[in-house]
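Chemist:
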Amino acid sequence: MSDETIETYDQISIEYARRKSPVGDRLRVDLDGLAEALPPGARVLDVGCGPGREIDLLRARGFQVTGVDLSIGQLRTGGRGGVAQADMRHLPVATGSVDAVWCQAALLHLPRASVPAALAEFARVVRPGGGLYLQVAEGDGADWEVATNYASALRRWFTYHRESDLTALLATAGFAVRRVRRNAGLRDWLALHARRDGGFGNS
C-alpha cells in the first residue's frame, strides 16, 4: 500500500469508522459462510482490519481474532485490543498459525505486481486445510481515486480484479476457490471463499 493511501486512511479514520458501523445482510452472509467452515474457537487473522468492525463480528461468533492494518489512524480510532500495524506482504504471524484469513476490501489497495506476494503470505500463515475470505473490487485497470464518499479530497489507490485472473493467482499461492459472490454498491465487489490445501467448507 502506498504512503499516500495510508495517509488518506489515517485522515479519514473517524468518518470511515462511522460510515462502516452498520452491518448489511451481505456481510452477515459472508461472515456466516466463514463460521460454517471453521471449528469453534478458530484463530482468524483480519488483514486490513481498519477500525475493527469485522474483528467484533468475528469475535462474536466465537473466534480468536487478531487484526492487522498499515493505518495507525484506523487502529487508534477503532481502539480494539489484539491488533497490530503491519504490511500484508510481511505479516508478523507464525507460519501455519491461523485457521483462516479474512481480508475485505484491503488487497485492492496493492499495486498489481505486489498481489502475488500478499497471497503467498496469506498461504504461509494459514494452516493446511484452513480458509481465506477475500473481497476485492471487480473490474479492469488501476488508478487513484479521491475518497469523496468519506468527505475527503485525499486519494486512495485501487487495483481492480477479474475472477479468472484472481483465481489463477490464488491457485499459484496454494488456495482453491470454493465459492464466489458478487454485489454492487458504489463499485462492483467480488468475494471469494477459498481453502488452503483442502478442507474449507463443504460446498
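Residue numbering for the sequence shown follows UniProt numbering, starting at 1 and increasing by one per position. Each residue gets a CB set at the ideal place from its N, CA and C atoms; glycine is no exception.
(1) In terms of DSSP beta bridges, what is Ala-184 paired with?
(2) By Cβ distance below 7 Å, which residues in the same chain neighbour Glu-54 in space, the five residues on each side in sequence not counted?
(3) Determine the DSSP secondary structure at Pro-51, reduced to helix, strand or coil.
(4) Distance check for Leu-27 and Ser-21, CA to CA, integer angstroms please.
(5) Does the distance from the CB of Arg-162 to the CB of Asp-188 come in under 8 Å?
(6) Pull up the CB-CB distance for Leu-190 and Val-115, whole angstroms please, since I reckon it's below 8 Å.
(7) Since Leu-134 and Leu-192 should fall inside the 8 Å C-beta cutoff, what is the C-beta to C-beta distance between them, to a whole number of angstroms?
(8) Verify whether the separation of the beta carbon atoms of Tyr-16 and Gln-74 is less than 8 Å.
(9) Who are the Cβ neighbours of Val-44 in its own chain at under 6 Å, not counting the five residues just before and after it?
(10) Could you have a look at Val-23 and say whether DSSP puts it in helix, strand or coil?
(11) From Arg-178 to Leu-166, what distance separates their C-alpha atoms?
(12) Please list the terminal residues of the continuous alpha helix (DSSP H) segment that includes Glu-121.
(13) Just to confirm, is the Cβ distance from Ala-123 to Gly-174 under 8 Å?
(14) Given that a residue counts as buried once 16 or more other Cβ atoms are within 10 Å of its Cβ, and exposed if not, what is Ser-164?
(15) Output yes or no for whether 8 Å exceeds the beta carbon distance between Glu-121 and Leu-91.
(16) By DSSP, does Phe-200 sit in helix, in strand, or in coil?
(17) Between Arg-196 and Gly-131, which are expected to be in contact by the criterion C-beta below 8 Å, what is the C-beta distance as a whole number of angstroms?
(18) Let's see if you can read the secondary structure: which residues bound the alpha helix (DSSP H) around Gly-73?
(19) For Leu-170, which of helix, strand or coil comes out of DSSP?
(20) Could you round the C-beta distance between Gly-52 and Gly-78 to whole angstroms and report it? I think they count as a contact, below 8 Å.
Modeler: Judging by the given coordinates:
(1) Asp-188
(2) Asp-46, Trp-102, Gln-104
(3) coil
(4) 12 Å
(5) no
(6) About 13 Å separates the two Cβ atoms, so there is no contact after all.
(7) 5 Å
(8) yes
(9) Leu-58, Phe-63, Val-65, Ala-100, Trp-102
(10) coil
(11) 13 Å
(12) 115-125
(13) yes
(14) exposed
(15) yes
(16) In this prediction, Phe-200 scores a pLDDT of 43, lower than 50, which makes its location untrustworthy; no coordinate-derived value is stated.
(17) 7 Å
(18) 72-78
(19) helix
(20) 4 Å
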